[in-house]
Each structure stands twice: as structure tokens, then as C-alpha cells.
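A.B. asks:
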Amino acid sequence: MGGSNPFIRQAETRLPTRSYRMTFMPEGKVVEVDPSKLPYSRDGLPGSVLEIAGGNGVDIDHACGGVCACSTCHVIIREGLESCNEASDDEEDQLDHAPGLTTESRLACQTVPDGSCDVVVEIPGWNRNLVSEDHH
71 MGGSNPFIRQ
81 AETRLPTRSY
91 RMTFMPEGKV
101 VEVDPSKLPY
111 SRDGLPGSVL
121 EIAGGNGVDI
131 DHACGGVCAC
141 STCHVIIREG
151 LESCNEASDD
161 EEDQLDHAPG
171 LTTESRLACQ
181 TVPDGSCDVV
191 VEIPGWNRNL
201 VSEDHH
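Per this note's numbering, residue 71 is the first one in the sequence shown, and the count goes up by one each step.
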């Protein structure tokens, strides 16, 4: 899927320049993010939590393909939020539709850590896709 949303202004981001760790909870899967390997896909902004998750076998639902047009990729940044770009007004508008919001809630497709510290991402229980499909 993937692509861009012509109805929003793309978020301002800073890609990491050094490696850092991203941990996905509750599984506890730790991913070593190597900036030289980004981007993995076209789902979400380059270097986004969604893109890193998908490139490392961590499933996060994203009905719109990661273009900030829904709230299905809602995650909670438990540690390292200070290293992430600020949420845009468009992201905030989509988050208004997500269940279980916290002050650390973000859309995985729009959240790009800059690599200045490790990041811990919680995938809410309602957003864990336990179905495995073959790639076509």
C-alpha cells in the first residue's frame, strides 16, 4: 500500500544519523534501527515507527496505507517521545478518532524518531493483528 495524502501538509521530520533501538511492547521485540537501511517500505513517512515496524516483521494495522488518513496505526510512545517529530494538526485530527488516547499517543505512520535516544512503542491490544497472511 503506501503513498501520500494530497490533502495534508507532510510532517516535518529529521531522520536519524546514528543507530538506536526501538522496542515494541508488549512482545518486547527489540529492533536495532540502522539509518543506512531506511526506508524499508512506502508505508508511513520514511523512518516512521510504522515503516520500521513493517520492515522488521512487527504488524501494526494501518487501513489507509500510512498516509495520515485514519487512526488505525495509533500507538503509545512509552519512552523516547522527546526524540520524535511533533504531531501535526492533521495527525492530531486523526488521533481524535482513536480509542484509548493518552498524552503519549501518536500515529505510527507519522512518528519519526531522530535517533537521539532509544524508543519504546506500545501497540494497544485492540490494534494487534494476530492474523498472518501470505504475501502475494
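All C-beta atoms, glycine included, are put in the ideal place defined by N, C-alpha and C.
CB D184 to CB S153, shorter than 7 Å?
C.D. replies: Counting from 1 along the sequence shown, the entry for residue 184 is found at position 114. Counting from 1 along the sequence shown, the entry for residue 153 is found at position 83. A contact, by the Cβ cut-off of 7 Å.
A.B. asks: Using the rule of at least 16 other Cβ atoms within 10 Å of the residue's Cβ for burial, across every protein chain shown, is Q80 buried or exposed?
C.D. replies: On the sequence shown, position 10 is the one that residue 80 refers to. Its Cβ having fewer than 16 others within 10 Å, Q80 is exposed.
A.B. asks: In this structure, what does DSSP give as the bridge partners for T93?
C.D. replies: One-based indexing of the sequence shown puts residue 93 at position 23. Beta-bridge pairing links T93 to V100, V190.
A.B. asks: Over what stretch of residues does the alpha helix (DSSP H) that includes V82 continue unbroken?
C.D. replies: Walking along the sequence shown from the start, residue 82 turns up at place 12. First, the residue type needs correcting, since residue 82 is Glu and not Val in the sequence shown. Element bounds for E82: n/a, residue is neither H nor E.
A.B. asks: With distances taken between CB atoms, is the gap from H132 to L115 smaller than 7 Å?
C.D. replies: Translated into positions along the sequence shown, residue 132 becomes position 62. Translated into positions along the sequence shown, residue 115 becomes position 45. Cβ atoms of H132 and L115: not closer than 7 Å.
A.B. asks: Going by C-alpha distance, which of I147, R91, C143, L108 is nearest I130?
C.D. replies: Reading the sequence shown from its first residue, position 60 is the one you call residue 130. If we check each option's Cα against that of I130, C143 comes out closest.
A.B. asks: Measuring straight from C-alpha to C-alpha, what distance separates I193 and I146?
C.D. replies: Within the sequence shown, residue 193 is the residue found at index 123, counting from 1. Within the sequence shown, residue 146 is the residue found at index 76, counting from 1. Going by the C-alpha atoms only, they are around 7 Å apart.
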